[in-house]
Structure formats: structure tokens, C-alpha cells
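Step one of this worksheet: look at the structure below.
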Amino acid sequence: MSFIHLNVASAFSAHYGASWPQDLAHRAAAEGADALAATERDGLYGAVKHLKACRETGLDPILGVNLAVLGPAANTARHPVHAPRGRPRLQVQGRVIVLARGNCSGAGYRALCRLVSLAHEGTSAHRGAAGGKPVGVTHADLATCAVDPEEGTVLTVLLGPDSDVGQAALGRDPSRARSALGRWLARLGRAAVRVELVTHLNTPGERLSSAHAIRMLRAAQALDVPAVLTNAVRYADPDGAATADVLDSARALSSLETLTDLQPNGQGWLKSPGRMQALAREIAREAGEGALAAELLRATGALADWARMDPVSDAGWGIPVVPEASVIGITGRPDAELAARCEAGITRLLPRDAGSRALRDRLALELGTITDLGFSTYFLTVAEVSAMIADMGVRNAARGSGASSLVNFLLGISQVNPLAHDLLFERFLSRDRTTLPDIDIDVESAERHRVYEHIFERFGSQRVTLMSMQNGYRARGAVRDAGQALGMEDGDLDVIAKQLWRFSASNFREALEEKPELRPFAERMGAERQLDLLVDLTERLDRLPRHISMHPCGVILGDNTLLDRTPVQPSGLGLPMSQFDKHDMDPMGMLKLDVLGVRMQSAMAYAVSEVVRIHGDGEAVATAGAHPRGPGGALPEFLDADGAIALERVPLDDEPTYELIRTTDTLGCFQIESPGQRELIGKLAPREFNDLIIDISLFRPGPMQSNMVKPYLENRHGFAPENYPHSDLKPALAETHGVTVFHEQVLRIFDVMTGCGLAKADVYRRLLGNEQAEPRVEELYRARAMERGYPLGVIDEVWKTLKAFGSFGFCKAHGAAFAVPTYQSAWLKAHHPEAFLAGIWEHDPGMYPKRLLVAEARRMGIPILPLDINRSDASYRVERAQGLLPPATVPPVYRAPGTSRAGRLGIRLSLSGIHGVSGTEVKRVVAGQPYDSLDDVRDRSGLSRSSLRTFAALGAFDSLQQAAGRGNRADLMVHLAGRPTKTLAQRHRPITGQLPLPLGDVELGGLAVGAAEPSLEETVRTELDLMAVDVSGHLMSSHAPLLSKLGTTPAQDLLGLRNGTEVLVAGVRVATQTPPMRGGRRVVFISLDDGTGCVDCTFFHEAQQNSGPLLFATRLLLVHGLTRRTGPRGISLQALQAWDLADQDSLPAPGHLSNPDRVKETFTGLRGKSDKHDGGAQPLARRMEAEDLDHRGPGSVPEDWPEFDVG
Amino acid sequence: MGLFTQSVDVECSTAGLPLRLRWQGREYRVAADPVRWFERRRWWAEEVRAERGRGPGLVDHEIWRLQVRLAGRGPLLTFEVSRDVETGRWRLIRIHDALLESA
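Residue numbers (the numbering used here), protein chains in the order written: chain U, 36 to 1242; chain R, 1111 to 1213.
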């Protein structure tokens, strides 16, 4: 006989359940159950995963929820009955399980969704925040949702040990238990109420003991309510009990030792039918009623049968739902409307190609597929959102495989013409794929929330909700919570947690042995036995969900039944958020739109607006940016008469842009600013847009790890002959010189070899790497290719490629969509460098700290204008340099020929982002500008006393002092430190338009003078402390004497050195990366900035061992290493050892490198066998060969690469 | 009441219910329905490891309260024994007062 568990919380009950839904389902199925419930705490967080797991294991799913029941609070002095707004204050009175009825056309599931949403209504999105009501439902909420007008009772409440009935029973108060149960019956009716017996075989008489269950049984019997048996499951097997203990401790923020409501023991696992039947018999025996066991099991089975769901008819599994056509303003047939809009798009975007055969064929293919799948409304919906965003004046661009679609291009959703880049529609959508395709839209990050609000307004809040994401434990969080459970000291935990460098907690033990920065900790493990436990518990927590939060970009759009299909809860934004995450969208037929805030889009929008502001009109912009003019001096097509640049219309063949990219001075540019990317573009030397697409596609963990980069580069530069397994494959592989890089190429290879068609080819591609399915694909591939007469050797070779690349190759459409902002940002840097940098500083889009980009401004010859009370704005502003121009010099960083000379425009520092100065203060300062005296500033700016001192320290009043002709910055600071503040009260401040009497600067006029001018080092220190940016000079400049003693080499001089030269370099850490590497061993990249440029240091295993903990913790580093040429303009350092520059005692002695006694270092493992090149190498190849350029280096991929939904 | 952690031999029925107990060379017979429960352990203080996959017996241990008579004839005594789920070994952990008085 089977037993069906009706009370089961999975790991998606954050800080409660310890097992994954699939593990629970597998266990239940293995024990012979044919159904299983998922009843998460407070929501349906794991519901879709449960449905999926049940489908896979052949179980009938049952859904429910574990909810707190709220009732009016007892009136105490500390907690008045009424909340401030007059509503009765609610408090938790226990918890119940609510099960949804199944097989009733979704009425039960609907009621469950609505009930869960009600439980969260009015709560605060921030955990522990005051003011919100607790998550939970009242009796009235339950009564409302439990009955469906047509289906009758659709929810059943299980009153278990944690309910008010169960609590009363535990307190040995049978009459209170009976009256509590009576109240439930009166409110919900008999059909909706069951008593839930649980025994965890706790000490007799205690909570969750058999005696507790029997007392509840007595109440049920007294009122003739059926009782059912569950095990209140929190883990799949007994091993999970300890994990649950730690989760309890994390939830209560308390150590295990001091925790008051630990689970009584470890019996809350998914027990087998045999064990559950034994429990039923044990309760029956102790109750002295032999027949009871069978009755209990029968009632449990009957309730399970009532609740069995059909995922399709009840929850809408797999049925795509899009907004009603009427909502997006369509009255006719959506298919006809879509076709008409595409025609309009051709007229607007591709008038010259209107009759082209390729275009017509492609359009017919796409429209045919979309119509057959019934997705026309979906595309029209996305087009509607895209148009709405454009109407708001917000930059937006489609990313991802959506760029493969001509329809998307014609509708204005995507900016990439797929025909121009040979992108395949089948990679995006085909008749063999019935899930809604993903279309992702990048918008300016600064406008993202406004865009969300508009979408809610436009479609109505019943059709829109934000998507959520599950945040799982990673190493740091897991160590903290595990340590807290063990009662370890916060200080110790801080040290440990900070040393953990982004690896999965489950590898903690191996990491301890491997990672040098964890060495001190590993040594302590031997001494303190608690640390062993800490490691074990950290591993237990690994990846378990901690909480959900708003997904950074997902918006769910549906019809007006959306809220019947997903429960929602408040998000941090105030907008409702679904309890489902991205993995739940496809199964639930939900249309998810990724509206991603991209800081680079904001930065570019800002740069474009600064260009208009500073130059005024199109003529001036064209001159300043050296933009090519049309016949008769006409402005280029992308430039309006008012000076506005339409970046999406800038031609993709601007030579200066590629020249800039080839110099690798690409700091600030989208996607190509990281050390690894700068190395790669240096080697690749892009000449056209397709090169950028390839560059971005190569710079991925897969290609990097499988060494696709080297053969590509060798073929590209003519070091090695291109190799095609068969001449039939040449058309597909020619663009990447025979190396398979793109998904699109994999599709074409399948098609060529088997004749399967591109749509089927994409299905096969998706099966590559799937253990079960891949052999079938291989069999089919081989049979078909044989039939088509390919030689066995070719078939083998091609299969090897497919097998290797299929699973991680890159979708070319992704690369193409990414290459657009990459190109646009580089174009701005080449033509309007000041506005570009101002945009970068303003929106901070990249991976580097702002101070590195300030250093970049110096290298670009752009004056950084100091903070000024009258000239600085709330934003970074481009400003014409005053007075005499500095002597003409050519800055190290490339700028397009013909653009206005470096130094004519500067960037004025912004008032925002200064430590301790509030946004409100900045607003008032700006509103009050200009100020004619320090008194004026005091009177009208509203700056607090400390902000006044901060401003003075940063020199914001230097210009006022110059005007008053008295004292220096130090004098003013002494003055301000001494004098108490005397801000005028509001009523004494001059009203707008009222002119203060022109008294001159009375305060500055009386300033005591004579303090010493602050040194440059002091000024820089102040700037770093208050703005995190060194403006007046580079942070490293004060270390100059020490560095010259040590004999370090400046970054800018490295390029002139031979490959393999031994050097010392020093600088400020600006980036640290631990990319995934070929061969598995970790490599650490540290970029140092020394003011003359950036040195990228590569630490292999041994160097990491030599450097120890300071690899990740130290700011100023001295590094000993060997130069490594990476390209004609690229050089990096293979580090041998690093020191903390601030720890002067530890540093090597002056003249370290020239010390004859020292063992000389040579490359370790870098020099492979030199490859044989044929004589006919191209010029670049010859040059690289002559210079002995190493291009066998590993390159790097940042770990935080945006995650693509490539599958 | 005394606290012990001595090894004892327990003989069980096919259903797993204890029938007889051998301790200090003497045999006691179970004379009433035994009571069984699972008692929590302070494993974080008592154990040095809690690795994943360790299995049952970390968080709680199984305790039986047995009312026994020496050789089936002596006065009724109450023993509490625990069973280690991993090894199947039994340990005597408590003997209620009656025995101590008689001993």
C-alpha cells in the first residue's frame, strides 16, 4: 500500500526546507508513491519545479502552501490593538497547510494563487522592515478563497501541530482545542477542514510526539472532523536534518546553542509508506483504537485524491498566454497586422531591398513560422513595448537571439539587420520549438524603473508582474550563517568570509587545500576543531535558496488571467513581483520580456546630450567630431541640425573607430575594456564590424577553455593554412577561417552533412552535450551523412567538432547585438572623447573604479576641472577650457584625426558622490548657484557644517577665495573648523528674486591667513577619501622616491621592452579576476594602475603560492614578473611574486633585479614548442613572428560575464 | 536516577521490539510495552564532523524505555537504552531509581 505525503516543504521554502523538489519526487517515486504534494512556506516558490519533477517521475502533483494565520493581536501596552492607520493590528496565531483541489479546470490552483497573493498583500518587501503586516492570511481571507462559485470547495485547510488547534492540544487544554476547531468549522464549513496528525516520535508528551497527535485526534473525533496523517516533511532523508537545524538557526539569526525553537529531533524526512503506516499504527495503539490506523490512512488517501492535479488543465502547463489582441490595439487578425507592419518596416528601413529575393524569402519564412505557431500577438506585444520605450525618449536595443529575426528588425525591436550579418532565424524560432522565444531589450539603466512603471500602466496591473529570482547561498553567505549557527565570533567570521574569493561553497574543502589566500585559515583548522564543522555546514548550505528578489530585468506579460496563474508579492520597487523565476516561465507558458538596464546605454545617452549642450548645433558637432560630410557639405545622416547624434544610424565602417580599438586603449568601451579583452583585440586587430562580432563571441569561457582562439588567430593572420573538413563546409566556415565559433555554423554544418534543414538542425544542436540524447543525434548524423556520400574520415572529423563546440559555441546574433554598443562606445571615444568620458563617469558602466578612468582622462590629455561651488553641477559636465590652452602635445590615447585638439574641452567634477554630502544638499547648492561669497554660500546653499568643510577641503571655494584675494585652502579649513555654523533660518533666507546687498565677501575678507598650503600628497589623500578619485595628481606619485629606489618600470615603458624581460612594477589595484581556465587550475589576473597606464599581471599557480593572502586583500602592490608580448600593441606581465607596497619592511631591497646573487627567473610553462609557419605569411603575421609574440597565452574571461540564455 | 553509557545486548522481536536485555552478565526480560522516541542531540557540541551524506543518527538518537524484570521474576525496573542507527549497538543510558536503591 502506498502513502502520499501532503505536507512537504522543499528547499524553495527558504531557510526552512533542505531538499530539492526533484530529490523529494525521486524519493517518493522510489518508495512507490503515485502522488506528492509541495507545500512551501509562504508561497508557491517551488511549485513549478515540483510540477516538473512530478512529470519526470510519473507522480501526480499536489500543490498547497504553508501559511501563517493572522488574527487580531492581544491588546498590550507595547502592542496596541490598532495599527497607526486604524486597521486592527494582526499577529500570527499559528500556521496551517492549505491544499488546492485538482482536476477542476484550475479552480483550485487559481484560488491558491489568489490566497498566496493575499497573504503577501500589504507586507513589506524588505525583510524585517517595520510597518508591514506579517505574511499570512486571516480566517476571512481563507473563507473567501476556499469556495469557488461553480466548483464549490476548492481549498482544504489542514490544522496541524502548529495551528491554534494543535497548540491548544499541546497545552493539554482539550476544551480550547475543541473550540478552536469549532471556529474553523463555522468559518470554512466541514468540507474545507481536516485535522492533520504528525508524530516525529518526540519525547512522550512533547510537541510532535505521538501523544500530541493523539490529543489532536481527540478534538477531531469530538467534532467529527476527519483526521489525516502527514510527516511535516522538510528533507528527503535523515541526512537533511542537520541542514534543517542550520537553516532554523539562520532564520532566527541565532546560534544553535541559544535557539529556542529548534525542531525537536531529526524525524521530518520523507518516510517510506511502510514507516508512515507504522506511525499510523503506533498512534492507533497508543490511542487504544485498533481500527484507527486504517481510517487515518484512508482519509489521507482520499484527500490526496481530491487534490491530485493535472498540470495542463489545472495550472496551464505549457500553454503560452499572451495579452489580448485588443489590449495592443489590434482589431483585425494579428497575422495580417504583423505582415502589414513588416511591410511598413521595409519601406522605412530597407527601401532599396524591397524587391530583393533574399529579403522576400526570409520574410515569408519568418511570417509563416510565426503564424503557424500562433505567436503574432507576441511579436506585436514586444513591438508595442519597444515603441513605448522609444516614445519615452529612452535608448533601447534588442539583445540576444532576437537579433536573428528580420521581423524583429522591421518592427524596430532589434537594430541588427540579420541579412547583413548572416544570422539564422532558425536559431531564434522554428516550428520545432513551441516555447515562446526570448526577446531581450536593453534600456538605459537610469530609466529602467520608469520603463517598468510605463509597462504596468500601458498593459494594466492585472496583466503585468515583475519576475523574481532565487538567491542561493554562495561561499561567503554560507560561511557566515554556518558560523553563526556554531556561535563563532563575528570578527573571525568576517576574516574568513572576506578571504573567500567567489567559489562555490561545496568546494570549500578542496579550496582550502588549493588556495594560498586561505592558508592561514587551513592551518587553524588543525587547531580548532570547530572549523571542521564550519566547513561541513558551509557545504551543506551551498546553493540552497536564501530569499527571492526582483529579477534585474524580467517582466511577465499576460492576459487578464495572469494573477490566477502566478502568486505575487511586493518587490523592492513597490511593483508586484511573481513568485516564479526564469526557469518557471516556459513551463507555465508565461511571456517574459527582459528589460535590462544597461549602464552603458545611459552613459552613451548622456554623452550624446553633452555633445549637443557643449557644441550647440549640428555644424559645430560635425566640426568638433570630424564627422564626414555629404555632398555640398551636408551633415552626415546620423547628425541632426540641432546637434543630436542618432547612434543607431552611425555607419558601422568608421575607420578611426577601428583604429582606436586596435590601439587597445579601450578603457570605458563596452565589452572590450577588460584586460583579457584588450589582449584579445590586440591580437585580433579588428578591421570591420564582423571582426567585433567574432571578438565578442570568442571571448567566452567555452572558446577560451577549448582553445578555439589560437587556431582562429593563426588562420586569420596567415600563420597556418585554413582547414576545412570538406569543401561543402567552406561557405559556412569561411568567415571564421575554418574554425567553428557560432551556433549558426553548427546549424549549417548539420544541414550540409545531413540535409535535415536548419530548423531540425537547431533541435539537434540543443541535444548536443545531453548525455541521453547525444548518442541518438550522432547515430542519425552518421547514417544520413553516409547516405549523402561523405567519406568516413570527414564524418568523424566533423562530428568531433560538433561534439566539442555544439554545447558551448556562441549564438552569432548575441555577438552581433553586443557588438553594436561596443562599436558605438568606441565611436564616441574616438570622436567625442570628453563627452564620452563624462558619460562614463556619470553612469559608471564598466568594471573599473572611477579613479582609473580619471587616470585615463589624463592619458587622453583631457583636463579634469576641480570641484567649484559655482561651476560644478550635480552631474559631470564637459566644459570649455578657460584661458590659454596648454602647449599642443599628442596624448598617448588615440583620438580621431581632425577632431578638436585635446585640452580644449575639460570635464568638471560633479557635486554628487562626495562622501557625506546628501543628494538634497547637492540639489539646493545647484538651485542656489551662482554664489558671490562664502557668506552667500552659508546663507543659501543649505550645506551642513561638515559638508562646508568637505567642500573647502576639496577646493570648491578656491575661486571665491581668489576673488576675495585672501588666504589659501588650508586657511579656510582652519577657519571653518573653528567657527560654529550660522546657517540662516529658513524665514531669514532671501526669497527667490530678492537680491542680497552687495557687501563683498565679508567672511573671507576677515580670514586669518598664514597656514601652509596643503601638499599635493595631502590634497590627493583628501580627494581619495572624499571622492574616491585622485584628481590633482595620481595616487602613486607620492610613492615616486620609493619606486625609483626599487627600480620599477612605469606601465607606459613596458611596451618598449623585449618579451621575457624581468621587471618590477608597482601600482594601485584596479581589477581582480579569476576567470575559468583551460586545464582547471585557477589563474588570477590583477590589473595595476601606476598613473602612466595599466599593467595586467597574470598569477599562475606558483606565483599565487608565493604571494599568499595579499593577492586579494592588498590595494597597493609591487609585482616582480616577466613581460609577455600579447600582440603588436599589447604587453602584460607574468607575475612571479607580489608584495604589499604599504608594508615597507617586507619589500625587496633596492636594486633587487640587478643583484647578481639572485636566481634569475625564466618563463615557466609558457614557451611551448614553436609552431612551424609557412613562408607566405602576411605582413602582420611576419611582424608578430619577428617579435616572437606569444599568442599561446590563456587570455581571460571575467567571471561576471552576463549570463546569456543561450539554450 | 543514574546516567550510564554502557554497552548492553538487546534482543528484539522480528518487528524490532526489544524482548530481552543482557547487562553485567544478567538477563532482564521486558515486562511491559516498550516506549520509543527520538531525542535530540547537541551535535554541534558533541561531534567534530557533520559532513553531508553522513546519514541518520547525527541530530537525534533512538531511545527506548524498557520495563524489565531480572530473569523475568525480579521487581519491575525501568531502563532507558539507546540504539545507534549506524552500528545497531545498544547502550544503557539511564536506570531509574528502583534499581539503584536495590543495588
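Where a beta carbon is used, it is the ideal one built from N, C-alpha and C, also for glycine.
Pull up the distance between the alpha-carbon of Ile649 (chain U) and that of Glu914 (chain U), whole angstroms please. Translated into the one-based positions of the first sequence, residue 649 (chain U) becomes position 614. Translated into the one-based positions of the first sequence, residue 914 (chain U) becomes position 879. Cα-Cα distance, rounded: 7 Å.
Quickly, what does DSSP pair Val1154 (chain U) with across the bridge? List them, please. Walking along the first sequence from the start, residue 1154 (chain U) turns up at place 1119. By DSSP's assignment, Val1154 (chain U) forms a beta bridge with U:Val1100 and U:Ala1173.
Any beta carbon of chain R sitting closer than 8 Å to that of Leu264 (chain U)? Within the first sequence, residue 264 (chain U) is the residue found at index 229, counting from 1. Not a single CB atom of chain R sits nearer than 8 Å to the CB of Leu264 (chain U).
Please tell me whether Val1195 (chain R) and Leu1202 (chain R) are closer than 8 Å, where the distance is taken between their beta carbons. Position 85 of the second sequence holds residue 1195 (chain R). Position 92 of the second sequence holds residue 1202 (chain R). Contact flag unset, no.
Contact criterion: CB-CB distance below 8 Å. Does Ala1221 (chain U) meet it with respect to chain R? Translated into positions along the first sequence, residue 1221 (chain U) becomes position 1186. Residue confidence is low: Ala1221 (chain U) scores 39 on pLDDT, short of 50, so the model does not pin down where it sits. No coordinate-derived value is stated.
Counterpart residues of Leu631 (chain U) in DSSP-defined beta bridges: Taking the first residue of the first sequence as 1, we reach residue 631 (chain U) at position 596. Leu631 (chain U) is bridged by DSSP to U:Asp477.
Cβ-based neighbour list, Asp349 (chain U), same chain, cut-off 6 Å, excluding 5 preceding and 5 following: Taking the first residue of the first sequence as 1, we reach residue 349 (chain U) at position 314. If we look at Asp349 (chain U) and ignore the five residues flanking it on each side, its Cβ neighbours are Gly137, Gly141 and Tyr144.
At 4 residues or longer, what runs of the alpha helix (DSSP H) sit wholly inside the region 175-238 of chain U? Within the region 175-238 of chain U, complete alpha helix (DSSP H) segments of at least 4 residues are found at 199-205 and 209-223, given in chain order.
Around the C-beta of Gln614 (chain U), are 16 or more other C-beta atoms found within 10 angstroms, so that it is buried, or is it exposed? Counting from 1 along the first sequence, the entry for residue 614 (chain U) is found at position 579. By the neighbour-count rule (16 or more Cβ atoms within 10 Å), Gln614 (chain U) is buried.
Could you name the residues of chain R that Asp571 (chain U) contacts, counting a contact when the two beta carbons are closer than 8 Å? Locating residue 571 (chain U) in the first sequence gives position 536, where the first residue counts as 1. Arg1159, Ala1160, Glu1161 and Arg1162, listed in chain order.
Do you know whose CA, among U:Gly1068, U:Leu1081, U:Phe410 and U:Ala339, lies nearest Thr191 (chain U)'s CA? Walking along the first sequence from the start, residue 191 (chain U) turns up at place 156. Considering only alpha carbons, the answer is U:Ala339.
Determine, using beta carbons only, whether Ala146 (chain U) and Val170 (chain U) come nearer to each other than 8 Å. One-based indexing of the first sequence puts residue 146 (chain U) at position 111. One-based indexing of the first sequence puts residue 170 (chain U) at position 135. In this structure, Ala146 (chain U) sits away from Val170 (chain U), with a CB-CB distance that is not shorter than 8 Å.
So what does Gln604 (chain U) bridge to, in DSSP terms? Position 569 of the first sequence, counted from the first residue, corresponds to residue 604 (chain U). The bridge partners DSSP lists for Gln604 (chain U) are U:Met612.
Could you round the C-beta distance between Ala254 (chain U) and Pro196 (chain U) to whole angstroms and report it? I think they count as a contact, below 8 Å. In the first sequence, counting from the first residue as 1, residue 254 (chain U) sits at position 219. In the first sequence, counting from the first residue as 1, residue 196 (chain U) sits at position 161. Not quite, the Cβ-Cβ distance comes to about 12 Å (not below 8 Å), so this is no contact.
At 8 Å on the CB atoms, spell out the chain R contacts of Pro797 (chain U), in chain order. Position 762 of the first sequence, counted from the start, is the residue given in the question as residue 797 (chain U). Per the sequence shown, the amino acid found at residue 797 (chain U) is Asp instead of Pro. Simply none; closest approach about 39 Å.
Helix, strand or coil for Asp1223 (chain U), going by three-state DSSP, please let me know. What you label residue 1223 (chain U) is simply residue 1188 of the first sequence in a count that begins at 1. Here Asp1223 (chain U) scores only 35 on pLDDT, less than 50, and its place in the model should not be relied on; the value that follows carries that caveat. DSSP places Asp1223 (chain U) outside both helix and strand once states are collapsed to three, so it counts as coil.
Quick one: what does DSSP say Gly325 (chain U) is sitting in, helix, strand or coil? Translated into positions along the first sequence, residue 325 (chain U) becomes position 290. Coil, per DSSP.
Would you kindly work out how many angstroms separate the C-alpha atoms of Gly1082 (chain U) and Ala839 (chain U), rounded to a whole number? Looking up residue 1082 (chain U) in the first sequence gives position 1047. Looking up residue 839 (chain U) in the first sequence gives position 804. Each residue's alpha carbon lies about 47 Å from the other.
Quick one: grab the DSSP three-state call for Tyr270 (chain U). Taking the first residue of the first sequence as position 1, residue 270 (chain U) is located at position 235. Strand, per DSSP.
Strictly by DSSP, which residues pair up with Cys1122 (chain R)? One-based indexing of the second sequence puts residue 1122 (chain R) at position 12. Beta-bridge pairing links Cys1122 (chain R) to R:Pro1128.
Is it the case that the Cβ atoms of Leu1151 (chain U) and Ala1173 (chain U) are separated by a distance below 8 Å? Position 1116 of the first sequence, counted from the start, is the residue given in the question as residue 1151 (chain U). Position 1138 of the first sequence, counted from the start, is the residue given in the question as residue 1173 (chain U). It is not a contact, given that the beta carbons lie outside the stated cut-off.
Cβ-based contacts, 7 Å cut-off: residues of the region 572-590 of chain U near chain R: Cβ contacts with chain R come from Leu572, Glu574 and Arg575.
Quick check: is the beta carbon of Ala44 (chain U) nearer than 8 Å to any beta carbon in chain R? What you label residue 44 (chain U) is simply residue 9 of the first sequence in a count that begins at 1. Output row for Ala44 (chain U): interface = no.
Would you kindly report the start and end of the unbroken alpha helix (DSSP H) that includes Leu983 (chain U)? As a first step, residue 983 (chain U) is located in the first sequence; it is residue number 948 there, counting from the start. Bounds of the alpha helix (DSSP H) holding Leu983 (chain U) are Arg980 to Ala988.
Mind pulling the chain U residues with CB within less than 7 Å of Val1145 (chain R)? Residue mapping note: residue 1145 (chain R) aligns to position 35 of the second sequence, counting from 1. Ordered by position in chain U, the residues that pass the 7 Å Cβ test against Val1145 (chain R) are Pro239.
Less than 8 Å between CB atoms is the rule here; does Pro273 (chain U) satisfy it with respect to chain R? In the first sequence, residue 273 (chain U) corresponds to position 238, counting from 1. Pro273 (chain U) counts as touching chain R.
Output, in sequence order along the chain, the residues in the region 1180-1199 of chain R whose CB is closer than 9 Å to any CB in chain U. If the cut-off is 9 Å between Cβ atoms, the region 1180-1199 of chain R has Val1195 near chain U.
Proximity below 8 Å, CB of Ala854 (chain U) to CB of Leu727 (chain U): By one-based count along the first sequence, residue 854 (chain U) stands at place 819. By one-based count along the first sequence, residue 727 (chain U) stands at place 692. Ala854 (chain U) places its beta carbon less than 8 Å from that of Leu727 (chain U).
Could you tell me the alpha carbon to alpha carbon distance between Ala425 (chain U) and Ala931 (chain U), rounded to whole angstroms? The residue given as residue 425 (chain U) occupies position 390 in the first sequence. The residue given as residue 931 (chain U) occupies position 896 in the first sequence. Roughly 30 Å separates the two Cα atoms.
Can you tell me which of the three DSSP states Asn431 (chain U) falls into? By 1-based counting over the first sequence, the position of residue 431 (chain U) is 396. Strand, per DSSP.
Sort U:Phe444, U:Ile476, U:Pro587 and U:Lys533 by Cα distance to Asn506 (chain U) and report the nearest one. The residue given as residue 506 (chain U) occupies position 471 in the first sequence. For Asn506 (chain U), the closest of U:Phe444, U:Ile476, U:Pro587 and U:Lys533 by C-alpha to C-alpha distance is U:Pro587.
What is the DSSP secondary structure of Cys89 (chain U), counted as helix, strand or coil? Counting from 1 along the first sequence, the entry for residue 89 (chain U) is found at position 54. Correct three-state label for Cys89 (chain U): helix.
Any C-beta of chain R within less than 8 Å: which residues of the region 299-318 of chain U qualify? Closer than 8 Å at the C-beta level to chain R, one finds these residues of the region 299-318 of chain U: Pro299, Asn300, Gly301 and Gln302.
Drop a sphere of 10 angstroms on the beta-carbon of Val787 (chain U), count the other beta-carbons inside from all chains shown, and report buried for 16 or more, exposed for fewer. By one-based count along the first sequence, residue 787 (chain U) stands at place 752. By the neighbour-count rule (16 or more Cβ atoms within 10 Å), Val787 (chain U) is buried.
In the DSSP output, what is Leu900 (chain U) paired with across the bridge? Position 865 of the first sequence, counting from 1, holds the residue named residue 900 (chain U). Bridge partners of Leu900 (chain U): U:Arg943.
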